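Quick note: the working numbering has the sequence shown finishing at residue 1295, numbered continuously throughout.
Glycine included, C-beta positions come from ideal geometry on N, C-alpha and C.
Treat the numbers as computed from the prediction; the structure is a model and nothing was measured.
Step one of this worksheet: look at the structure below.
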Amino acid sequence: FSFRTERECNRRLPPHLRKNVQVLSFRRLSHAIFKQLGGLAGTYADNIAKTVMMHLAMREVQDGLQIYQNSIGKDGFSGLMLQTVDEFKNSTITPEQFELVSSQIPDGKLKQKMQDVSLLYTTYTAMLGNSYRDPSDDLTQATERAKGSRFFENTHVFLYGFVSFSQQQFRMLSLMLEQGDVTIALN
């Protein structure tokens, strides 16, 4: 989508204005922030590395699981847990926040399931973080890095083509609104 938008901007804008325009996805914006403010160091985990780390995390905590202990070896469970972790990250829910919420649930199966997920999420995140960067964390980390820098000051931001925003995107958008001049056109 950003390629089409970039091509359209180049087609519509006069040459003297094109040099002042950047078309960025939220992912590319994160990398632009890291490039300017630092934070690009490290090796990104691909899907294979994430899967391996999830399997290692599951084996590490298997004996401490209450409900999902027998699910560890089943097909698809690690993929389901990786999807769950990505949802947490897109929603900016940290392992600590999820652990806190799970501790406040009344005793029962739901609490046990949430404690299992919390243990897996915490262990996986720590293990992955020892060796890799998770691309799912980039937008959250870029937002934090840009907060103190006034990255968007004296910047005009135009958002186009979005139907909705994830919590990560919403937090970056909130920062843009605080620091810069923002125009949003929703589909």
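The beta carbons of residue 1276 and residue 1200 sit closer together than 7 Å. Counting only residues of its own chain and dropping the five nearest sequence neighbours on each side, residue 1207 has a CB closer than 6 Å to the CB of 1226.
The beta carbon of residue 1274 is closer than 6 Å to those of 1198 in its chain, skipping five residues each way along the sequence.
For residue 1269, the three-state secondary structure derived from DSSP is strand. Positions of the alpha helix (DSSP H) runs, each at least 4 residues long and wholly inside the stretch 1185-1233, are given as 1185-1198 and 1203-1211 in order along the chain. The residues 1180, in chain order, have a CB closer than 8 Å to that of residue 1167 in the same chain once the five nearest residues on each side in sequence are set aside. For residue 1129, no alpha helix (DSSP H) encloses it, and the DSSP letter there is neither H nor E. By the 16-neighbour rule on beta-carbons within 10 angstroms, residue 1242 is buried. Your pair residue 1219 and residue 1210 checks out as a contact, with CB atoms roughly 6 Å apart and the cut at 8 Å.
Between the C-alpha atoms of residue 1240 and residue 1130 there is a straight-line separation of about 29 Å.
Under the three-state reduction of DSSP, residue 1292 is assigned to strand. Shortest Cα-Cα distance from residue 1283 to any of 1118, 1138, 1115 and 1120 involves 1138. Here residue 1288 is near residue 1265, since their CB atoms are less than 7 Å apart.
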